[in-house]
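Worksheet: one structure, shown below.
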Amino acid sequence: MARVCELTGKGRQVGNNVSHANNKTKRTFLPNLQNVTLISDSLGKSVKLRVSTHGLRSVEHVGGLDNWLAKTSEDKLGTEARKLKRELAKKAKAAA
């Protein structure tokens, strides 16, 4: 399982550990990923995703999963979120 947020696409970053003697060794910074269940109101179902805490706060700030997916472009989303966005688009198209 990749350590990447399924909503924002945020992944690991690479940097250096710097000692007191200024020796530098490579290290990685991993995102704070949490397994959460988000509810899609328009689809009427709950979805389990692996989301970073930053992404979770962003979803809550925008007003829910459906609004987040509507406002975010597909190239910034992970694979699961892209599938959900397409499902929402199909449902909206069928309702219209």
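Take 114 as the starting number for the sequence shown in the numbering used here and just add one per residue. Quick reminder that beta carbons are idealized off the backbone N, C-alpha and C, glycines included.
_E119, buried or exposed, once every other Cβ within 10 Å from all chains shown has been counted against 16_ = Classification of E119: buried, given that the 10 Å Cβ count is 16 or more.
*Is the beta carbon of N130 sitting closer than 8 Å to the one on R140?*
yes
*Where does S171 fall in DSSP's three states?*
helix
*With a Cβ-Cβ cutoff of 8 Å, do R170 and F142 count as a contact?*
no
*Around the C-beta of D179, are 16 or more other C-beta atoms found within 10 angstroms, so that it is buried, or is it exposed?*
The residue is buried, with at least 16 neighbouring Cβ atoms inside 10 Å.
*Indicate the three-state DSSP secondary structure (helix, strand or coil) for K184 in the structure shown.*
helix
_Helix, strand or coil, according to DSSP, for T138 in the structure here?_
Note: T138 maps to strand in three-state DSSP.
_Helix, strand or coil for L201? Go by DSSP, reduced to three states._
Helix.
_Between K198 and E187, how many whole angstroms is the CB-CB distance? I'm expecting something under 8 Å._
Sure, about 6 Å apart at Cβ, within 8 Å.
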